[in-house]
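Following: one structure in structure tokens, then a few remarks.
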Amino acid sequence: MVKLAWSSIRHRLSRTLITVFAMAIAAAVITSGMSLSKGIAKMAYHEYRTYYRGDIVILTPTYVGATAVYDLESTISHNVLNDSGFNPLLKLYPQFGIDGYLGYDLYPYSPLAFEQLQRLRDFPGIRSVDPVLIMPASLGTMATSLRVISSAVGEHLAEGTMPRENSGGESMLEVVVNAYGGPQLSVGDVVTIRVPVFKIGASGVPYADTSATVQERPAKVVGLVRWPTRELSFFPPGGGDPRYEQGYVHSSEVYLTELAWQEIWQQQSAGLTYPVLATTLRVDNLSTLNVTAAELRAAFPELAIKTVPEVARHVERYNILDRFYLIPSALWMNAEQVVAHDYVPVELGLTSAMLLFANAGMLLASQMLASVAERRKEIGIIKALGARNFEILGMVLIEGLLLAITGSIVGFSLVRILAIHRDISNNLSWLIVMQSSLRELAAVVSLTTVVALVFSVIPAAKMSQLTVMEVFRND
Amino acid sequence: MTEAIMRTERLNKAFSLGETIYAVSDVSLSIPGGRITAIVGPSGCGKSTLLSLLGGLDRPMSGDVFLENQSYRSLSEDGLALLRRRKLGYVFQFFNLIPHLTALENVMLPMSFIGVKRSDAKARATDLLERVGLGKRLSHVPLQLSGGEQQRVAIARALANSPALILADEPTGNLDSKSRNDVLNLFEKFNQENGQTFVLITHDDSVAAIAHKTIRMSDGQAVEDQ
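Sequence lines, in order, name chains Y and G. According to the numbering used here, the first sequence is numbered sequentially starting from 1. According to the numbering used here, the second sequence is numbered sequentially starting from 1001.
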């Protein structure tokens, strides 16, 4: 039967070529989609891993939420849901989206306790704990957070000036997050950071005392970076329901000199415990990342714990696509090497590719159905010679499968060979490239097999149900 | 007296074309093993319908066919298919070769149904094609063969699984006189050399002349000459 199917494929050359071509296009698109998806996910993972400086992000629930946009000397003008790099986490933790916002009660942070940090440091599988220290402040009328960034952020800057290059040799960077509507700044500008008096309440919770005199500190802008966002939600001035804006909004992060940071932070918080609102962890073994994260969640149910790949996966779906073109090729390569473990999703592009595949499948079905009439006699002869219904069914299904799989391998090869060449040229290991390619090939062929089976069933059933007499009488 | 390899019991088959027309009416006959039997009659007398019933390609309204004492009526569709592949061979008027298979592949096809090893099937198909005079035409597809050659391929195919009985429906109806003689000679040759049983359906008395037994059909009824 395989021989008959193969012979039929060779014999009906125009049908074969059309069907194989359609399948090849679908396979090429789905292969491209998978590569694109994988690349984006890896890029997102890499970028966010750098951004969070770790493999696992831990936040206190109240930190994930809205930023108050206010005038420190008067009242809050409006609240902006955090649309900085933590925006994906808002989507991951929708319950914090509104309820946890920092609106009218300024900065009632629930910091990570020292004891919690110590437990995290001692947790099995954790290599390092990197707390993020945050102090509320404002720039103009824009609420900001001053954060300690203990390592260079240059790696994840996709646009703008690299702070390190403009810092005059000062390595430490401090960050002011400007969410929305902040002043336009340039590198070299001297800005005034306004910081409320920072106190620890009776319950040990730090807070900003707006009744005290606001301190003003000069700071020099050493770098700017723009983070694209696709969704912005804020409370309009004067109150009312929150507004949501969809679009491509750049939010700037302003990087200041270490000196400015030290002046502001140390003077402002002298003698107080710094609130630690978030921390990132690095794990010893990336392959057990999910296990470690699950153990952490069990041990710290009060904290919001996400792995960076989870965030990246989420970002891939919601945020990153728009900036895809901005990613330097060097990052792609780094991401390839970092993410040897395939825990990135392949959903992106699959929908359109699936539709194309369905289309190709329908073409296959229509071609096969059209050949039912042409092959009536052939089927009649084979049945007269003793073929059973299920053997005819099998023959037609095999034919459909051969057509579809041939097409998918052709399409896959056309796309993937170029990618393999590029990867090898970029000094990626053969092993990683081939493993990845074979996985993708297996995915494409599996999908093709399903499509071919589904769409060949009807023509196959029609052919298998023909009776010898029905065929011969009509001939 | 040669023992019957096939027999029918009161076989009936009718078609409804406005009125019910009996193509085969109450036919009881026997086919002797190792002989050539001709079923002769004018066009429309029910010969081909009878052949389809004898070949297990169609079901009778009533009555039964027995091949080597195996009742067709007791067999399922799959059972009939298995019987066809193992015990019956067919030669059709219009050859009915698979157009995209070579002569060799066409002859090998029935053997693939009964699980003959490919190498064995190839050897037997080659031998059969040589015996029908087509040893040099193995790799030709039907379109590259003349009508007579195609019919000889069909005869080789019918012989492939060494069936108990070969049914030939107007096997010379589409051939010139030389090819006709070649084909008839082959029937006689395989009958004499191998004891192969043939049933020839024909309207041509000269074809029936090679038969050991003739059954005449008229209006769906059969009369055995001898």
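We treat Cβ as the ideally placed atom computed from N, Cα and C, and that holds for glycine. Note that the coordinates shown come from a computational prediction; the quantities given were computed from them, not determined experimentally.
For H11(Y), the neighbours in chain G by C-beta distance under 8 angstroms run, in chain order, P1099 and H1100. For N1012(G), the nearest beta carbon of chain Y is not closer than 7 angstroms to its own beta carbon. Considering only V396(Y), I56(Y) and V29(Y), the residue with the shortest C-alpha distance to T288(Y) is I56(Y). Going by DSSP, G1063(G) is part of no alpha helix (DSSP H) but of the beta strand (DSSP E) stretching over S1062 to L1067.
For F1198(G), no CB of chain Y lies under 7 angstroms from its own CB, so it is not counted at the interface with that chain. Using a CB distance below 7 angstroms, the part of the region 1048–1071 of chain G facing chain Y consists of S1052, L1057 and D1058, ordered along the chain. Residues of chain G whose Cβ lies closer than 7 angstroms to the Cβ of V468(Y) are, in chain order, L1057. Judged by DSSP secondary structure, I9(Y) falls within the alpha helix (DSSP H) whose first and last residues are V2 to H11. Rounded to whole angstroms, the separation of the alpha carbons of L281(Y) and I305(Y) is 10 angstroms. Annotation: R1118(G) to D1219(G) spans about 46 angstroms, alpha carbon to alpha carbon. Within chain Y, R388 have C-beta atoms less than 7 angstroms from the C-beta of D1078(G), given in sequence order.
Contact note: L1145(G) does not reach chain Y at a C-beta cutoff of 8 angstroms; the least C-beta distance is about 16 angstroms. Separation of T292(Y) and G125(Y) (C-alpha to C-alpha, rounded to the nearest whole angstrom) is 7 angstroms. Distances from the CA of Q1144(G) to each of L1097(G), N1185(G), L1109(G) and D1176(G) were compared; the closest alpha carbon is that of L1097(G).
Around the CB of F114(Y), fewer than 16 other CB atoms lie within 10 Å, so the residue is classed as exposed. In the pairwise beta carbon analysis, the region 1063–1075 of chain G is classified as not touching the region 370–387 of chain Y: fewer than three pairs are separated by under 8 angstroms. Per DSSP, the beta bridge partners of I1036(G) are F1198(G). C-alpha of G1133(G) to C-alpha of N1194(G): approximately 17 angstroms in a straight line.
For P1110(G), the residues of chain Y that pass the 9 angstroms Cβ criterion are L385 and G386, in the order they occur in the chain. Counting only runs of 4 or more residues that sit fully inside the region 1151–1205 of chain G, the alpha helix (DSSP H) segments are 1177–1194, in chain order. For I58(Y), no alpha helix (DSSP H) segment is defined; the enclosing uninterrupted segment is the beta strand (DSSP E) at I56 to L59. Near chain G, meaning a CB-to-CB distance below 9 angstroms, the residues of the region 363–385 of chain Y are K377, E378, G380, I381, I382, K383, A384 and L385. If you draw a straight line from the Cα of S366(Y) to the Cα of T307(Y), it is about 47 angstroms long.
Residue range K1213 to S1218 is occupied by the beta strand (DSSP E) that includes R1216(G), with no alpha helix (DSSP H) assigned at that position. In the DSSP assignment, F1015(G) falls within the unbroken beta strand (DSSP E) covering A1004 to L1017. With contacts defined as CB atoms closer than 7 angstroms, A22(Y) and F412(Y) fail to qualify as a contacting pair. Contact between A1160(G) and M1217(G) does not hold, since their C-beta atoms are separated by about 29 angstroms, which reaches or exceeds 8 angstroms.
If you draw a straight line from the Cα of S1177(G) to the Cα of T1214(G), it is about 22 angstroms long.
Contact between the region 432–452 of chain Y and the region 1015–1033 of chain G is not established, with fewer than three Cβ pairs separated by less than 8 angstroms. Under DSSP, the beta-bridge partners assigned to K306(Y) are V57(Y). Restricted to the region 1040–1121 of chain G, the alpha helix (DSSP H) segments that are unbroken, complete and at least 4 residues in length are 1047–1054, 1077–1087 and 1103–1113, listed in chain order. Contact between the region 1147–1159 of chain G and the region 1179–1196 of chain G is present: three or more C-beta pairs spanning the two stretches fall below 8 angstroms. By the C-beta criterion, the region 1014–1025 of chain G is judged not to be in contact with the region 455–467 of chain Y, since fewer than 3 inter-stretch pairs fall below 8 angstroms. For V291(Y), there is no enclosing beta strand (DSSP E); the enclosing alpha helix (DSSP H) has its first and last residue at L289 to A299. A straight line joining the alpha-carbon of I382(Y) with that of A442(Y) spans about 34 angstroms.
Between P459(Y) and L369(Y), the C-beta spacing is below 7 angstroms.
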